[in-house]
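Undergrad: Per this note's numbering, residue 1440 is the first one in the sequence shown, and the count goes up by one each step.
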Amino acid sequence: MEKNKEILFTGSDTEGGITSGYQMNDGVPLKVPYSFFGSIYDEEEERAVKVAMAQESQTMGPQVTLFQREFAKIFEVKHAMAASNCTTAMHAATQAFGIGKGDEVIVTPNTFIATSLVILKEGAKPVYADIDPLTFNIDPKQIENKITPKTKAIYVVHYAGQMCDMDPIMEIAKKHKLFVLEDCAHAAGSKYKGRPAGSIGDVGCFSFHSLKNITTLGEGGMITTNSDDLADKLQRMRVMSITHWNPGQTKFEFAGFKMEKKSVKDYWLPSHFDVINDNGKWGCNYRMNESQAAVGRAQLRKLDMLINKRRENSHYLNEGIKKIKGVRPVFEDPNCYHAFHLYTLLIKGNELGASRDDFMRVLYQEEGIQGIQHYQPNYHFTGLKKMYNYPDKLCPVAENFFYNEHTSLPMNPRLTKADLDMIIEGVRNTADKLRK
Ligand SMILES: Cc1ncc(COP(=O)(O)O)c(C=O)c1O
1440 MEKNKEILFT
1450 GSDTEGGITS
1460 GYQMNDGVPL
1470 KVPYSFFGSI
1480 YDEEEERAVK
1490 VAMAQESQTM
1500 GPQVTLFQRE
1510 FAKIFEVKHA
1520 MAASNCTTAM
1530 HAATQAFGIG
1540 KGDEVIVTPN
1550 TFIATSLVIL
1560 KEGAKPVYAD
1570 IDPLTFNIDP
1580 KQIENKITPK
1590 TKAIYVVHYA
1600 GQMCDMDPIM
1610 EIAKKHKLFV
1620 LEDCAHAAGS
1630 KYKGRPAGSI
1640 GDVGCFSFHS
1650 LKNITTLGEG
1660 GMITTNSDDL
1670 ADKLQRMRVM
1680 SITHWNPGQT
1690 KFEFAGFKME
1700 KKSVKDYWLP
1710 SHFDVINDNG
1720 KWGCNYRMNE
1730 SQAAVGRAQL
1740 RKLDMLINKR
1750 RENSHYLNEG
1760 IKKIKGVRPV
1770 FEDPNCYHAF
1780 HLYTLLIKGN
1790 ELGASRDDFM
1800 RVLYQEEGIQ
1810 GIQHYQPNYH
1820 FTGLKKMYNY
1830 PDKLCPVAEN
1840 FFYNEHTSLP
1850 MNPRLTKADL
1860 DMIIEGVRNT
1870 ADKLRK
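And the structure:
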């Protein structure tokens, strides 16, 4: 496939601060940039797109149906529904849970804004529970303190591809009759006690954005659930509140217009679909198209290989980094199969005698290794702060993690041994320079 010339961004030509790549037009020569493509494509994906493009149906056709079926099997769930992205998937789930004005949802502060946004969009309040200092996932011990009579759900994120401690979270949810949404944007291929991400909570929502473990042409999502009732509602929320007319009904009347359905062959009667309202919630168009689904199917066949590569790369980095004074690789929970969507590095300022930001400057400008920050506690964003006046030090562990200690080193399945060695060398040189 012919490649377009890469466009380097200056910061002003981005989509509201989000780019389609992290490389900047700032003159810094990079040895290992943070790639915006988290997967591997080959002839299989190219063939898949061609097959989908030759079909009569370009949306809602066989590729989507098969992608959903194959996904449900691999992720061990009853229902899988393709969506346009993870944000719309989570929005549909928030609506299907019936969450609305005056409700509260307990959520991790250490997430991309999408997880908070879907709560805000329905008029509910995100209530932030602090994270565990080892895994950076929501801390189950912090959740119970945050429950009030207004709490309707707990939204967890399997940060970096290491799953949350789901057993205590599900116990708390059961005790207080709360829904659990698993934001699995980082967690395609992750497991908790042998169970796949998205199969434990009431609903799981996956992202197939360009950066993610598998991608469907840059955007895409999947909703998983084992509940027939939620699946029914989710279907309407993702497809315009559309439903079937009562299949047993043969006589219809609208404004005096009478019609009779004499057999199923009168397919146009009374009309192609009905529209219903689910307790005040209206659906939207959150569908995935056929080419994306065809690529998704090819990506599913590569899932094990892609995650193995991420794990091998991350374990190689761990070995190289663990001997360097002043930095730490992330803790791996023995209950979890870590998919290493992100490779988390902790920078210990007191050991280095320098701050995380000093570390980042040297790592980037002098060593050519590009780290990326995930995630600013969501309650520090201007809009959220203004709306709910969240206090400072609301989640001190998450704040210390983001502002003092963390960076994500380049991680994707296409990194070579030479790339990994350059990352390790860059981290070592940076730490050595700062300690002097
Ligand atoms: C944790 C998390 N949740 C949700 C999303 C949103 O995913 P999408 O871009 O598919 O809407 C992302 C994407 O970066 C994410 O990292």
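We put the CB at the ideal spot given by N, CA and C, even for glycine. All of these numbers come straight from a predicted model, not from anything done at the bench.
Would you report the Cα separation of Glu-1771 and Glu-1621, rounded to the nearest angstrom?
TA: Position 332 of the sequence shown, counting from 1, holds the residue named residue 1771. Position 182 of the sequence shown, counting from 1, holds the residue named residue 1621. Distance between the alpha carbons of Glu-1771 and Glu-1621 is about 20 angstroms.
Undergrad: Under 8 angstroms, do Thr-1821 and Phe-1575 count as touching if we go by C-beta distance?
TA: As a working mapping, residue 1821 is identified with position 382 in the sequence shown. As a working mapping, residue 1575 is identified with position 136 in the sequence shown. Going by C-beta atoms, Thr-1821 is not nearer than 8 angstroms to Phe-1575.
Undergrad: Which residue comes first and which comes last in the beta strand (DSSP E) that contains Asp-1542?
TA: Along the sequence shown, read from residue 1 onward, the residue named residue 1542 stands at position 103. Looking at the DSSP string, Asp-1542 is not in any beta strand (DSSP E), and its letter there is neither H nor E.
Undergrad: So, helix, strand or coil for Gly-1660, using DSSP?
TA: Mapped onto the sequence shown, residue 1660 falls at position 221. In this structure, Gly-1660 counts as strand in the three-state DSSP scheme.
Undergrad: What does DSSP give as the partner residues of Asn-1724 in its beta bridges?
TA: Here residue 1724 is taken as the residue at index 285 of the sequence shown, counted from 1. Answer is Val-1678.
Undergrad: I want to check one thing, is the minimum distance from the CB of Ser-1646 to the heavy atoms of ligand 1 below 7 angstroms?
TA: Stepping through the sequence shown from its first residue, residue 1646 is reached at position 207. It does: the Cβ of Ser-1646 is within 7 angstroms (strictly closer) of some heavy atom of ligand 1.
Undergrad: Would you report the Cα separation of Phe-1536 and Phe-1645, rounded to the nearest angstrom?
TA: Reading the sequence shown from its first residue, position 97 is the one you call residue 1536. Reading the sequence shown from its first residue, position 206 is the one you call residue 1645. Each residue's alpha carbon lies about 17 angstroms from the other.
Undergrad: Under the DSSP definition of a beta bridge, which residues are partnered with Phe-1696?
TA: In the sequence shown, residue 1696 corresponds to position 257, counting from 1. Answer by DSSP bridge pairing, in chain order: Phe-1693.
Undergrad: Under 7 angstroms from any heavy atom of ligand 1, does the C-beta of Gly-1660 make it?
TA: Within the sequence shown, numbered from 1, the residue matching residue 1660 stands at position 221. Gly-1660 Cβ: within cutoff of ligand 1.
Undergrad: Does ligand 1 have even one heavy atom less than 7 angstroms from the beta-carbon of Thr-1550?
TA: Counting from 1 along the sequence shown, the entry for residue 1550 is found at position 111. True, at least one ligand heavy atom lies under 7 angstroms from that Cβ.
Undergrad: If you draw a straight line from the alpha carbon of Asn-1789 to that of Pro-1773, how long is it in whole angstroms?
TA: Counting from one through the sequence shown, the residue named residue 1789 turns up at place 350. Counting from one through the sequence shown, the residue named residue 1773 turns up at place 334. The straight-line gap from Cα to Cα measures roughly 28 angstroms.
Undergrad: By the DSSP assignment, the alpha helix (DSSP H) with Gly-1643 in it spans what residues?
TA: For the purposes of this step, residue 1643 is identified with residue 204 of the sequence shown, where counting begins at 1. Unbroken run through Gly-1643 is the beta strand (DSSP E), 1642 to 1646; no alpha helix (DSSP H).
Undergrad: Let me know if Arg-1795 comes out buried or exposed under the rule of 16 or more other beta-carbons within 10 Å of its beta-carbon.
TA: Taking the sequence shown and counting its residues from 1, the one referred to as residue 1795 is at position 356. The residue in question, Arg-1795, is buried, as its Cβ has 16 or more Cβ neighbours within 10 Å.
Undergrad: Given a cut-off of 8 angstroms on the beta-carbon distance, is the pair Gly-1637 and Val-1619 in contact?
TA: If you number the sequence shown from 1, residue 1637 lands on position 198. If you number the sequence shown from 1, residue 1619 lands on position 180. Against a cut-off of 8 angstroms, the Cβ pair of Val-1619 and Gly-1637 comes out as no contact.
Undergrad: Hey, which unbroken runs of the alpha helix (DSSP H) at 4 residues or more fall wholly within the segment 1449 to 1530?
TA: The qualifying runs are 1482 to 1492, 1501 to 1513.
Undergrad: Below 7 angstroms CB to CB, which residues in the same chain sit around Cys-1603 once its five sequence neighbours on both sides are set aside?
TA: Numbered from its first residue, the sequence shown carries residue 1603 at position 164. Once the five neighbours on either side are set aside, the close Cβ partners of Cys-1603 are Asn-1576, Ile-1577, Val-1595, His-1597.
Undergrad: Let me make sure I understand the geometry here. Which of Lys-1651, Met-1605, Asp-1860 has the alpha-carbon closest to that of Ile-1746?
TA: Stepping through the sequence shown from its first residue, residue 1746 is reached at position 307. The residue with the shortest Cα to Cα distance from Ile-1746 is Lys-1651.
Undergrad: Please work out which residues of its chain come closer than 6 angstroms, Cβ to Cβ, to Ile-1558, disregarding the five sequence neighbours upstream and downstream, and give them in chain order.
TA: The sequence position of residue 1558 within the sequence shown is 119, counting from 1. Result list for Ile-1558: Val-1544, Pro-1565, in chain order.
Undergrad: Does the beta-carbon of His-1625, which I'm using as the reference point, lie nearer than 7 angstroms to any heavy atom of ligand 1?
TA: What you label residue 1625 is simply residue 186 of the sequence shown in a count that begins at 1. Answer for His-1625: yes, Cβ within range of ligand 1.
Undergrad: Check whether the segment 1653 to 1672 and the segment 1516 to 1530 touch, using three or more Cβ-Cβ pairs below 8 angstroms as the test.
TA: Touching, per the Cβ criterion.
Undergrad: Are there 16 or more other CB atoms within 10 angstroms of the CB of His-1711, so buried, or fewer, so exposed?
TA: For the purposes of this step, residue 1711 is identified with residue 272 of the sequence shown, where counting begins at 1. Per the 10 Å Cβ criterion, exposed.
Undergrad: Go through its chain and collect everything with a Cβ distance to Ile-1862's Cβ below 6 angstroms, but skip five positions before and after it.
TA: The sequence position of residue 1862 within the sequence shown is 423, counting from 1. Answer for Ile-1862: Val-1471, Ile-1808, Leu-1848, listed in chain order.
Undergrad: Quick check on this structure: which residue in His-1754, Val-1866, Gly-1460, Gln-1502 has the alpha carbon closest to the alpha carbon of Leu-1791?
TA: For the purposes of this step, residue 1791 is taken as the residue at position 352 of the sequence shown. Leu-1791 has its Cα closest to that of Val-1866, out of His-1754, Val-1866, Gly-1460, Gln-1502.
Undergrad: Note down the Cα distance separating Met-1440 from Arg-1486, rounded to an integer number of angstroms.
TA: Taking the sequence shown and counting its residues from 1, one reaches residue 1440 at position 1. Taking the sequence shown and counting its residues from 1, one reaches residue 1486 at position 47. With a pLDDT of 42 at Met-1440, under the threshold of 50, the predicted position of this residue should be treated as unreliable, and no value is reported.
Undergrad: Which partner residues of Arg-1634 appear in the DSSP bridge assignment?
TA: Position 195 of the sequence shown, counting from 1, holds the residue named residue 1634. Arg-1634 is bridged to Tyr-1631.
Undergrad: Against chain C, does Gly-1687 count as a neighbour if the rule is that its beta carbon must be under 8 angstroms from one of theirs?
TA: Going by chain labels, chain C is absent from the structure shown, which holds only one protein chain.
Undergrad: Can you tell me whether Met-1727 is buried or exposed, with buried defined as 16 or more other CB within 10 angstroms of its CB?
TA: In the sequence shown, counting from the first residue as 1, residue 1727 sits at position 288. The residue in question, Met-1727, is buried, as its Cβ has 16 or more Cβ neighbours within 10 Å.
Undergrad: Excluding sequence positions up to five away, which residues of its chain have a Cβ less than 6 angstroms from the Cβ of Gln-1581?
TA: Your numbering for residue 1581 matches position 142 in the sequence shown. Excluding positions up to five away in sequence, the list reads Ala-1568, Asp-1569.
Undergrad: DSSP state of Met-1440, grouped into three classes?
TA: Here residue 1440 is taken as the residue at index 1 of the sequence shown, counted from 1. Unreliable positioning characterises Met-1440 in this predicted model, as indicated by a pLDDT of 42, which lies under 50. The coordinate reading is nonetheless provided below. DSSP places Met-1440 in coil when its eight states are reduced to three.
Undergrad: Is Arg-1677 near Ala-1531, with beta carbons less than 8 angstroms apart?
TA: One-based indexing of the sequence shown puts residue 1677 at position 238. One-based indexing of the sequence shown puts residue 1531 at position 92. Yes; because the gap between Cβ atoms is below 8 angstroms, this pair is in contact.
Undergrad: Let me make sure I understand the geometry here. Which of Lys-1875, Lys-1761, Leu-1802, Leu-1785 has the alpha-carbon closest to that of Tyr-1842?
TA: For this step, residue 1842 is matched to residue 403 along the sequence shown. It is Leu-1785 whose Cα lies nearest to the Cα of Tyr-1842.
Undergrad: Between the segment 1753 to 1762 and the segment 1825 to 1832, do at least 3 Cβ pairs fall closer than 8 angstroms?
TA: Cβ pair count under 8 angstroms is below three, so no.
Undergrad: With three or more C-beta pairs closer than 8 angstroms as the rule, is the segment 1691 to 1701 touching the segment 1722 to 1740?
TA: Contact between the segment 1722 to 1740 and the segment 1691 to 1701 is absent, because fewer than three Cβ pairs lie under 8 angstroms.
Undergrad: Straight-line CA distance for Lys-1720 to Gln-1462?
TA: Locating residue 1720 in the sequence shown gives position 281, counting from the first residue. Locating residue 1462 in the sequence shown gives position 23, counting from the first residue. Straight-line Cα distance between these residues: approximately 41 angstroms.
Undergrad: Would Thr-1504 be called buried (16 or more neighbouring beta carbons within 10 Å of its own) or exposed?
TA: Translated into positions along the sequence shown, residue 1504 becomes position 65. Thr-1504 should be labelled exposed.
Undergrad: Under the DSSP definition of a beta bridge, which residues are partnered with Ala-1592?
TA: For this step, residue 1592 is matched to residue 153 along the sequence shown. Partner(s): Val-1544, Phe-1618.
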